[in-house]
Amino acid sequence: MLKVENIRKVFWTKSKKINVLEGISFNIRKGECTALIGESGCGKTTLARIILGLITSDGGTISVSKGGDNKSKLRLGVVFQNPWEGMNPRTRIWKSIAEPLTIRRKRSEDKFKTKVFEIAREVGLSHDLIQRFPYELSGGQVQRAVIARAIIDKPELLIMDEPTSALDISTQSQIINLLVNLQTTMSLTCLFISHDISLVRYIAHNVVIMKDGKCIEKGDVADLFLSPKHDYTRELLNAT
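Position 93 of the sequence shown, counted from 1, bears residue number 93 in full-length UniProt numbering, the numbering being contiguous throughout.
Written as structure tokens, this is what we have:
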């Protein structure tokens, strides 16, 4: 579905060139979750921003295959690390959830209230909660709303960049369980980005291990956990 080939990215400082991404390649198959794992600063978020079209690469290609069409753009949903950054503080939650529909279909949010209420229930938000403003909700509740907004228009690829790391341990578990359930029930195609390899067992089908801007190992989650080939992968697994 999505093919990432030999992606490179360079950042420049006053004194030197920094190779942020060096020849990253992997595939994301339809209906599966692929995880990007690596320590902070390894290039995961930069790669996600390239896929989202927020920044350009300095080499390589990203191609989409949808029913034989390799030129189409994917309909994307995104969940970032900090839930508060994903919501307008002056907009009621239900209106924020409706935004992808109102923007894409050019109709007012009132036309989509029923759909918003349905998707809110799917992510565990009550009718009362989505009438409120973000500052009136907990971090976990706001992240549920961010997830609802990301999936309301049935994205062809859902990108999740450290979606639980800003939350407390108990809430992290709840959000991961929610994402696993949504991935199964909606057959979502996902790119899950994290520094925590222990989460991968629960949510991903495939994993790409990154270190210093390079892909050092990739493959099926079960195979990689059972028989890691790279020392760094073994270090990550031993640390869990």
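Think of the CB as a built atom: it goes at the ideal place given N, C-alpha and C, for glycine as much as any other residue. For clarity, every value in this text was computed on a predicted model and none was experimentally measured.
- Shown here for Gly38: same chain residues with a beta carbon closer than 7 Å to its own, the five before and five after excluded, namely Lys44, His195, Ile209, Met210, Lys211 in chain order.
- By alpha-carbon distance to Asp58, the top candidate from Arg8, Leu101, Thr13 is Arg8.
- With 16 or more other CB atoms across the displayed protein chains lying within 10 angstroms of its CB, Ser96 is buried.
- When the beta-carbon positions are compared, Leu157 and Thr189 come within less than 7 Å of each other.
- Annotation for Leu76: Pro155, Leu157 place their beta carbon closer than 6 Å to its own, counting only its chain and skipping 5 residues before and after.
- Sequence-distant Cβ neighbours of His127 in its own chain, meaning closer than 7 Å and more than five residues away, are Phe117.
- Only exposed fits Ile55, as fewer than 16 other CB atoms lie within 10 angstroms of its CB.
- In its chain, beyond the 5 residues on either side, Lys44, Thr45, Ala48, Val78, Val79, Phe80, Gln81, Ile193 have a beta carbon closer than 8 Å to the beta carbon of Asp161.
- Listed in chain order, the non-local C-beta contacts of His230 below 6 Å within the same chain comprise Ile216, Glu217, local neighbours out to five positions each way being set aside.
- In the DSSP annotation of this structure, the continuous segment of the alpha helix (DSSP H) that includes Thr185 starts and ends at 169-185.
- Judged by beta-carbon spacing, Val64 lies beyond the 7 Å limit of Leu52, meaning their Cβ atoms are not closer than that value.
- Judged by pairs of C-beta atoms under 8 Å, the stretch 139-148 touches the stretch 164-178, as three or more such pairs exist.
- Within the same chain, and ignoring the five residues on either side of Ile176 in sequence, the residues whose Cβ sits closer than 8 Å to its Cβ are Thr164, Leu199, Tyr202, Ile203.
- Residue state for Lys111 is assigned as helix, using DSSP reduced to three classes.
- Counting other Cβ atoms within 10 Å of its Cβ, Leu36 reaches 16 or more and is therefore classed as buried.
- DSSP assignment within the stretch 17-75 yields the following whole alpha helix (DSSP H) runs of 4 residues or more, N-terminal first: 44-52.
- Residue state for Asp220 is assigned as strand, using DSSP reduced to three classes.
- Bounds of the alpha helix (DSSP H) holding Asp231 are 231-238.
- As a beta-bridge residue in DSSP terms, Asn206 pairs with Thr34, Asp220.
- Between the alpha carbons of Thr114 and Arg90 lies a distance of about 22 Å.
- Taking the CA atoms as reference points, Ser25 sits about 5 Å from Val4.
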